[in-house]
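Everything below concerns the one structure shown next.
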Amino acid sequence: MIGVALLGSGAIAREHAAAFARVDGVRVTHVVGTDLARARRIAALAPGCRATTDPAEALTDPAVTGVVVCGRTGDHIDRALAAVAAGRHVVIEKPPARTLAAFETLVAAARAAGVRLMVGQTTRFQPAVRTLAAAAAAGEAGTPRLLHLAWYVGHVWPGGWNSWQLDPDASGGHLVHNGMHPLDLAVALLGGRPVRVFARGWCTHAPGMATPDSFHVTVRFDTGALALAELSYGLRTPGAMLRRMVLTGDAGALTHHTGGDPVLGAAPPASVADALYHQAVHTADVFAGRAEPIVTLEQSRAALAGALAAQRSLHSGRPEPCDA
Numbered sequence: 354m355i356g357v358a359l360l361g362s363g364a365i366a367r368e369h370a371a372a373f374a375r376v377d378g379v380r381v382t383h384v385v386g387t388d389l390a391r392a393r394r395i396a397a398l399a400p401g402c403r404a405t406t407d408p409a410e411a412l413t414d415p416a417v418t419g420v421v422v423c424g425r426t427g428d429h430i431d432r433a434l435a436a437v438a439a440g441r442h443v444v445i446e447k448p449p450a451r452t453l454a455a456f457e458t459l460v461a462a463a464r465a466a467g468v469r470l471m472v473g474q475t476t477r478f479q480p481a482v483r484t485l486a487a488a489a490a491a492g493e494a495g496t497p498r499l500l501h502l503a504w505y506v507g508h509v510w511p512g513g514w515n516s517w518q519l520d521p522d523a524s525g526g527h528l529v530h531n532g533m534h535p536l537d538l539a540v541a542l543l544g545g546r547p548v549r550v551f552a553r554g555w556c557t558h559a560p561g562m563a564t565p566d567s568f569h570v571t572v573r574f575d576t577g578a579l580a581l582a583e584l585s586y587g588l589r590t591p592g593a594m595l596r597r598m599v600l601t602g603d604a605g606a607l608t609h610h611t612g613g614d615p616v617l618g619a620a621p622p623a624s625v626a627d628a629l630y631h632q633a634v635h636t637a638d639v640f641a642g643r644a645e646p647i648v649t650l651e652q653s654r655a656a657l658a659g660a661l662a663a664q665r666s667l668h669s670g671r672p673e674p675c676d677a
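Each position in the sequence shown, counted from 1, maps to that position plus 353 in the numbering used here.
Following this line, the structure appears as structure tokens:
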């Protein structure tokens with residue numbers, strides 16, 4: 354039995370608890386949160402799970418194989434380092450850190466302790482992305498040269514986010530907090546490493562928001578490949594998604610559009626559904642030593658570097674290097 358503790362008691366922790374409850378051979382042992390009542394509500398989703406405000410209660414329990422670090426971005430590194438020090442494997446929610454130096458400190462600590470570490474990039478586990486990635490890996494498009502993403506989701510209207518998510522000092526900024534999704538996807542599909550990013554943002558749908566809701570992001574890779582992403586978080590329906598992916602190479606193109614899903618407008622579309630469950634299955638395999646992380650640490654560092662550069666570019670108005 355793989356024991357998983359959730360370090361965090363927000364909305365994403367609830368989703369993780371529900372996903373792990375469906376995985377054979379896994380038991381959610383603890384939900385650790387600063388609000389005990391909220392932690393108890395999430396723990397109730399998993400039989401035998403205990404709610405606590407004391408991380409040590411979970412990290413010293415021999416029934417815990419690994420942890421999922423959730424919650425505020427600013428808490429990620431400290432929670433993950435504590436888990437690593439306790440010898441527990443770790444899946445850490447994106448963004449793993451607000452700086453490259455902090456992430457590199459965590460990676461070094463995990464390697465020194467001999468524990469497994471993976472950033473939870475749930476988009477990788479969406480059915481459409483898995484199919485596209487498998488086709489790209491099989492060489493169906495040849496050497497990738499261009500990725501074009503048009504990606505619209507709905508949950509960032511005023512009142513839809515907590516205050517810390519709107520505070521760049523707490524979240525890292527919108528393009529760090531959520532921009533790691535398309536940046537990680539670009540790294541996975543194009544290969545190589547982002548070297549320069551140019552980003553522009555607008556409050557097109559929600560002018561009262563403290564952060565832009567829509568973005569254009571251009572990413573140049575060290576291989577010469579290019580990613581172009583049009584992102585908007587302004588759809589009115591929570592959970593709604595419209596996305597078009599085009600990956601072109603020197604031997605052809607691979608495409609996907611959520612408009613082709615069986616029920617147009619469903620939330621979420623079938624091509625993205627159950628991603629967190631598939632990630633939970635993979636997490637159990639990683640914690641048990643049955644699989645290597647699909648999302649590598651090198652890829653996560655590259656995606657974080659790209660997201661940080663995009664956030665800087667948003668404010669500077671010019672292209673920014675990724676390792677600055």
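All C-beta atoms, glycine included, are put in the ideal place defined by N, C-alpha and C.
*Determine the extent of the beta strand (DSSP E) in which proline 547 is found, giving its start and end residues.*
Its beta strand (DSSP E) spans residues 547 to 555.
*Candidates Leu588, Arg464 and Val599, of which the one nearest leucine 499 by Cα*: When each option's Cα is compared against that of leucine 499, the closest is Val599.
_Contact under 8 angstroms by Cβ, histidine 369 with cysteine 423_ = Less than 8 angstroms separates the beta-carbon of histidine 369 from that of cysteine 423.
_glycine 554 vs proline 565 beta-carbon contact at 8 angstroms_ = It is a contact, given that the beta carbons lie within the stated cut-off.
*leucine 519 to alanine 604, Cα distance in whole Å?*
Each residue's Cα considered, the two are about 42 angstroms apart.
*asked:* Just to confirm my understanding: we take histidine 383, look at its own chain, exclude 5 residues before and 5 after, and list those with CB closer than 8 angstroms. What are they?
replied: So the list reads Ala358, Leu359, Ala396, Cys402, Arg403, Ala404, Thr405, Glu410, Ala411, Asp414 and Val417, once near-sequence residues are dropped.
_As an exercise, report each continuous beta strand (DSSP E) stretch of at least 3 residues that is fully enclosed by the segment 605 to 647, in chain order._
If only complete runs of 3 or more residues are kept, the segment 605 to 647 shows the beta strand (DSSP E) at 605 to 610, in order along the chain.
*Within the segment 456 to 535, note down every full alpha helix (DSSP H) run reaching 4 residues or more, in order along the chain.*
The segment 456 to 535 is shown to contain whole alpha helix (DSSP H) runs of 4 or more residues at 480 to 490, 521 to 524 and 527 to 530, in chain order.
*With proline 535 and alanine 582 assumed to form a contact (beta carbons below 8 angstroms), what rounded beta-carbon distance in angstroms separates them?*
In this structure proline 535 touches alanine 582 by the C-beta definition: roughly 5 angstroms separates them, less than 8 angstroms.
_Pick from His530, Ala462 and Ala633 that is closest to tyrosine 659, judged by C-alpha positions_ = The residue you asked about is not tyrosine; residue 659 is glycine in the sequence shown. The alpha carbon of glycine 659 has as its nearest neighbour, out of His530, Ala462 and Ala633, the alpha carbon of His530.
*For glycine 492, which residues of its own chain have a beta-carbon under 8 angstroms away from its beta-carbon, when the five flanking residues on both sides are left out?*
Within the same chain, Ala604 come within 8 angstroms of glycine 492 by CB-CB distance, once the 5 residues on both sides are set aside.
*Assign serine 585 to one of three DSSP states: helix, strand, or coil.*
Correct three-state label for serine 585: strand.
*Taking only the alpha-carbon atoms, compute the straight-line gap between valine 639 and glycine 427 and give it to the nearest angstrom.*
Answer to the nearest angstrom: the Cα atoms are 25 angstroms apart.
*Start-to-end residues for the alpha helix (DSSP H) that takes in threonine 426*: Per DSSP, threonine 426 belongs to the alpha helix (DSSP H) from 426 to 438.
*Secondary structure at leucine 321, three-state DSSP: helix, strand or coil?*
With the chain covering 354 to 677 only, the question about residue 321 has no answer from this structure.
*One or two residues paired with valine 379 in a DSSP bridge*: According to DSSP, which records beta bridges pairwise, valine 379 is partnered with Ile355.
*Nearest to arginine 573 by alpha carbon, out of Thr387, His501 and Gly361?*
Nearest in C-alpha terms to arginine 573, of all of Thr387, His501 and Gly361, is His501.
_My output table needs one value for valine 444: the three-state DSSP class, helix, strand or coil._
Note: valine 444 maps to strand in three-state DSSP.
*Buried or exposed for arginine 464, please, with buried defined as at least 16 other CB atoms from any protein chain shown within 10 angstroms of its CB.*
Classification of arginine 464: exposed, given that the 10 Å Cβ count is below 16.
*Nearest to phenylalanine 584 (by Cα), restricted to the options Leu607, Thr601, Cys556 and Thr608*: The amino acid at residue 584 is misidentified as phenylalanine; the sequence shows leucine. Nearest C-alpha to leucine 584: Cys556.
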